[in-house]
Each structure stands twice: as C-alpha cells, then as structure tokens.
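Heads up: the structure comes next, in structure tokens.
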Amino acid sequence: MSANKEVAIIGAGPAGLITGSILKKAGFTITLFEQRNCLGGSWAIQPLSELIDIRDGLSGIYCPTYPTLRCNVPRQTMALPDFPYPDDYPCYPRHDEVLSQLQRFAEHNGLLPHIRFNHRFLTLEASPKSGLTNGNPKRWQIQTSQNSAEFDAVVFCNSRYYYPKLPDLEPLLSFTGRLEHSFSYRGPAAYRNQRIALVGTGPSGEDLSREISHCASRVFLCAHSGSRELHKPIWKPYGANQNLTRHRDVIACNGRTVILENGEKLQDIDVLILCTGYQPDPVFRQALPGIELSGDKSCMAPLYLNLFHPVHPELSATGMTLASAPFILYHCQAEVIAGYLKGKIQLPTAQQRLFAAEQVELRSSGRVNFSVRRKISMKQLDQLANMASIPSPVKATVEALAISNKQRLKYPDHYRDLPWGSE
Ligand SMILES: Cc1cc2nc3c(=O)[nH]c(=O)nc-3n(C[C@H](O)[C@H](O)[C@H](O)COP(=O)(O)OP(=O)(O)OC[C@H]3O[C@@H](n4cnc5c(N)ncnc54)[C@H](O)[C@@H]3O)c2cc1C
C-alpha cells in the first residue's frame, strides 16, 4: 500500500492527534472522526450537572476528567512528537494545561480542518463497491452518526480510557446508597460530611480517596490483596483529616452496609465509588472481525504487536497495551503504522501475525505483576521504535518514571509539587 491513501482515524484525543500528525506528514489523506464537539479526549473536561448512579447508566458521559486532575506521570513521559511543552509548564501539568498543549499541537500540525466533530463511529464493514484483493477487502466503509465514507485504512484511536470497566455488579445491587464509578467523579465537595467507600487502588482510587478525605467525614479505600499498589499501603489512618483507612475488597452489600472479603462490615456508607478502571467501548470490538476483549479486560485482542488486526493489518488500534507513557507509545505506534501503510515496513504473514498476537495475549492476560507488565510494554516500545527506525524512547522514559515513582512512594500527597528529582 503506497502513500496518498485515505486513512480514517477514530478519535481526536492524544492518540488520534499524534497519529494524525504522523500520517499527515507521511503524505496520507487523513480524516479524524470525533464523537464530541471538541478535541483532547480525556483531557477535555465535561462538566456534569448531577451525581450519577451507575445503575441508571453512564451514556452521554465521555470524559473521566475532574477539575483538580493533574498528571500522575511527569510531562517528559507525555511528550508530543516534535512539540515540546512550554518551559514554564509544571512537571505534572493540570488537565487544562495538557489540553492547551494538545490544541496547540493540533493547530501547529494543521489537523483542525481534518477533524469531523460530532461524528460518532458506529460500524465498519468491507466496502461493497471496491471488491477484493486475494480475498481481502480493498477498502473499508465507516458508518458514523452523520454519514458513511470509504477508506483504505482505519486507525482506531478511541482509547481504553473512557469506557468504565465494571466488576460484577450483582453483589453490589442491594446497596441502598449511591453507587458511582470514578468516571463521573467531578470533585470532593459532593461528599461533604459523608461516609465514602472506594474500590480500587490504581491511580483513580489513590487520588480520589485522598482528595475526598478533605471533605468527607470518613473514607474507606478497599482492594483485594495483590491488586495494583500505586502507593505504599498504609495500615493506619491517614488522609487530610486522618479519616482515611485501607481495607480488603468488597464482596457484598446489605442496605448501606458494605461487606468485605475478610468479614469486616463498613456501616452507614453513603456512596460507594468504583475506581475499577477503563476498557475499550464494545462498539469497537464488535466492529473489528475476530477481535475481543483481552484476558485482563482492559484492551482489545488479539492484535499483532498489540496494534495491527492480524488478518487485516490496514486496520489498527492504538494504545491496546499496558503503557506507563501512552503519548510516547502512540508516537511509536503511529510511525509503525505509517511505515507499514507506505510499504516501508513489512509484516509477517497473516498466520504468523495471528500466532504472535495470540502468544502476546496469552503472556499478558491474567494477574501478571505490574512491573513485569511494564517491562513487557517497554520491550514492545523498543521493538516499535526499531521497526520505525526512530530513536528508542525507552531509556529516557524508564529513567523519568523511576524518578517519579520514587518521589510518589515517598511523598504520596505532594510528589507533584516537588522539584524534579529531589530526594
Ligand atoms: C483519570 C485519568 C487520569 C489520567 N492521567 C494520565 C496522566 O497523567 N498521564 C498520561 O499519560 N495518561 C493519563 N491517563 C490516560 C489518558 O487517558 C491517556 O494518556 C490519553 O488521554 C489517552 O489518549 P487517547 O487518545 O488514547 O484516548 P482519549 O483521551 O480517551 O481520547 C479518545 C477519543 O476518542 C473519542 N471516541 C471514542 N469513541 C468514539 C466513537 N465511537 N466515535 C468517535 N470518537 C470516539 C473520544 O471522544 C475521545 O475524544 C489518565 C486517564 C484517566 C482516566
């Protein structure tokens, strides 16, 4: 497949913008389809006028950002291709600062005329008009909420960060307080003087519990043992008013009592917030033939290099792997997509791609230790950079993340405000 082909990019968040900039520079005709009326994806805040109980559904919510959100990794691990952050930016920018940077990036790269806002991707199918080559479709037809159009290639940049991943809700349905997901969290004031339980010790659970502890009367952070520990677990009261404690996982509810796996009962809970992460929107799994949710339910699989549809590599999906530096991953992935579509990068046969994709999926499914998964993802980042003949970002990324992790573990409440690298 040579350049001057038409490529559709789904989503105008960081991945879509980065991919758009690389493919445009490579000479492809690009169209970005974005369901919202703005670019920036997760970083473009969507105010909510009411508190949402997930039992009432989460449709119409597109963004997990809340007003106080600041990056939890340093800005050098969120680099945009050839577009440095302004010198006066903090090390851990606020969400609106990241958004401004993305807006400037889009303008600088002339992406705005290529974005179709308010176009929600609905379905993908082989173009009925263009016929087949060696049994494979020549072109793909995309149906959006506004119209349909045909493309030579499609890159799904819709992300695994905006569709809430929910646990089995059955044991929680009898909870008579409000049952929320961190997706609709918009600040601590809503929890003033209330008793709040949160589930999950990933970035959202850690950040939200500490923030809510400023307003709530009592905060309980629950997780199963062996779950991802972003901070060192503290087994005595902590938080803004020494009103935050850690507990085992929730297994059932009875009225406003939350029952934990070790038999402990948390009484009079007003709100239970699930900080259980995100996963790709089912609409994309259904669109891509043979692609399902990965074993850990966070990504789409099997994809060759966690990127290419194994049978139809002109279809790809960015970000479908654990990555501690998603922006950098998107850059490498976009370069590899551009190289493949231009014919500069050769991929193995469909059978080999499928075999390799299934092996990777087997390796990374299930409860693999976070640091092992990070190592796997860094290895893959190296591989992508190699394939695209660009300098590997791995060493610098790993070094920056190591400094950041050290500071976060030592100063969980204010690591974002410390001078970079200070002990
Ligand atoms: C609370 C939170 C904090 C985070 N903090 C950090 C951080 O500090 N640093 C970091 O690097 N990462 C962070 N992340 C991850 C962050 O989301 C990614 O870095 C980045 O925003 C992902 O970019 P993306 O373009 O893949 O996805 P998104 O930002 O989610 O953008 C996806 C875009 O696709 C669009 N879209 C989705 N479905 C459709 C459809 N059907 N049709 C058309 N358009 C569609 C969406 O509207 C959106 O604009 C955080 C995530 C969360 C949830």
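Take -1 as the starting number for the sequence shown in the working numbering and just add one per residue. Using N, Cα and C, we set each Cβ at its ideal position, and we do this for glycine too.
Below 8 Å, is the gap between the Cβ of residue i and the nearest heavy atom of ligand 1?
| i | result |
| --- | --- |
| Leu423 | Outside the displayed range of the chain (-1 to 421) lies residue 423, so it cannot be described from this structure. |
| Asp279 | yes |
| Leu37 | yes |
| Met376 | no |
| Pro79 | no |
| Ser202 | yes |
| Tyr83 | no |
| Phe31 | yes |
| Tyr159 | yes |
| Ser461 | Lying before the first or after the last residue shown, residue 461 is absent from the chain, which here runs from -1 to 421. |
| Ser314 | no |
| Ile130 | Reading off the sequence shown, one finds Leu at residue 130, where the question assumed Ile. No, the beta carbon of Leu130 sits no closer than 8 Å to any heavy atom of ligand 1. |
| Val153 | no |
| Asn70 | yes |
| Phe218 | no |
| Leu49 | no |
| Ile8 | yes |
| Pro410 | no |
| Asn156 | yes |
What's the gap between the Cα of residue i and the Cα of residue j?
| i | j | result |
| --- | --- | --- |
| Pro72 | Cys89 | 5 Å |
| Tyr338 | Ala386 | 9 Å |
| Gly129 | Trp138 | 10 Å |
| Leu313 | Ser207 | 39 Å |
| Asn35 | Phe115 | 5 Å |
| Pro280 | Tyr159 | 13 Å |
| Leu291 | Asn156 | 14 Å |
| Ala332 | Asn107 | 15 Å |
| Lys136 | Val96 | 38 Å |
| Phe154 | Tyr409 | 37 Å |
| Leu109 | Leu15 | 7 Å |
| Gly261 | Pro201 | 26 Å |
| Val152 | Gln99 | 25 Å |
| His112 | Arg246 | 49 Å |
| Gly25 | Asn2 | 6 Å |
| Ile8 | Ala348 | 24 Å |
| Asp94 | Pro62 | 13 Å |
| Arg371 | Lys22 | 32 Å |
| Arg68 | Thr395 | 19 Å |
| Arg53 | Leu177 | 7 Å |
| Glu504 | Ala336 | Past the boundaries of the shown model lies residue 504; the chain is included only from -1 to 421, so the question cannot be answered. |
| Glu48 | Ser211 | 21 Å |
| Trp41 | Val334 | 25 Å |
| Lys127 | Asn134 | 13 Å |
| Lys342 | Cys330 | 15 Å |
| Glu4 | Leu37 | 21 Å |
| Asn145 | Ser57 | 21 Å |
| Glu209 | Leu416 | 18 Å |
| Ala238 | Arg193 | 14 Å |
| Ser180 | Gly203 | 8 Å |
| Ala324 | Ser223 | Correcting the residue identity first, residue 324 is Pro in this sequence and not Ala. Taking the straight line joining both Cα atoms gives about 27 Å. |
| Asn191 | Val248 | 22 Å |
CB-CB under 8 Å to residue i, same chain, minus the five flanking residues each way: which ones, in chain order?
| i | result |
| --- | --- |
| Arg351 | Tyr302, Phe306, Pro308, Val309, Pro311 and Leu345 |
| Ser375 | Thr319, Leu320, Ala321, Ser322 and Leu327 |
| Pro235 | Asn241, Leu242 and Thr243 |
Please report the Cβ distance between residue i and residue j, rounded to the nearest whole angstrom; I am assuming they are in contact, meaning their Cβ atoms lie under 8 Å.
| i | j | result |
| --- | --- | --- |
| Gly18 | Leu30 | 5 Å |
| Leu286 | Pro165 | Not confirmed; about 25 Å, so no contact. |
| Ala214 | Tyr189 | 5 Å |
| Gln425 | Arg118 | Shown here, the chain extends from -1 to 421; a query on residue 425 therefore has no answer. |
| Ser125 | Glu148 | 5 Å |
| Ala468 | Cys220 | There is simply no residue 468 to check, as the chain begins at -1 and stops at 421 in what is shown. |
| Asn304 | Val358 | 6 Å |
| Pro12 | Ile43 | With 8 Å as the limit, Pro12 and Ile43 do not qualify as a contact, their Cβ atoms being about 15 Å apart. |
| Leu399 | Thr199 | That pair is no contact at about 18 Å. |
| Pro162 | Tyr276 | 6 Å |
| Val392 | Thr274 | Not quite, the Cβ-Cβ distance comes to about 29 Å (not below 8 Å), so this is no contact. |
| Leu170 | Leu46 | Going by Cβ atoms, the distance from Leu170 to Leu46 rounds to 21 Å, so no, they are not a contact pair. |
Ordered along the chain, which non-local residues of its own chain (more than five positions away) have a Cβ less than 6 Å from that of residue i?
| i | result |
| --- | --- |
| Tyr413 | Gln405 and Arg406 |
| Arg254 | Thr174, Gly175, Asp266 and Ile267 |
| Leu78 | Phe103 |
| Gly419 | Ile401 |
| Ser390 | Asp380 and Ala383 |
| Lys263 | Thr255 and Ile257 |
| Gly185 | Tyr64 and Pro65 |
Enumerate in chain order the residues of its own chain whose CB-to-CB distance from residue i is below 7 Å, with the five nearest sequence positions on each side excluded.
| i | result |
| --- | --- |
| Gln141 | Leu120 and Thr121 |
| Asn252 | Ser172 |
| Phe81 | Phe103 and His106 |
| Tyr87 | Arg73 and Glu95 |
Nearest chain B C-beta to residue i closer than 9 Å, yes or no?
| i | result |
| --- | --- |
| Arg371 | As a matter of chain content, chain B is missing from the structure shown, which is built from one protein chain. |
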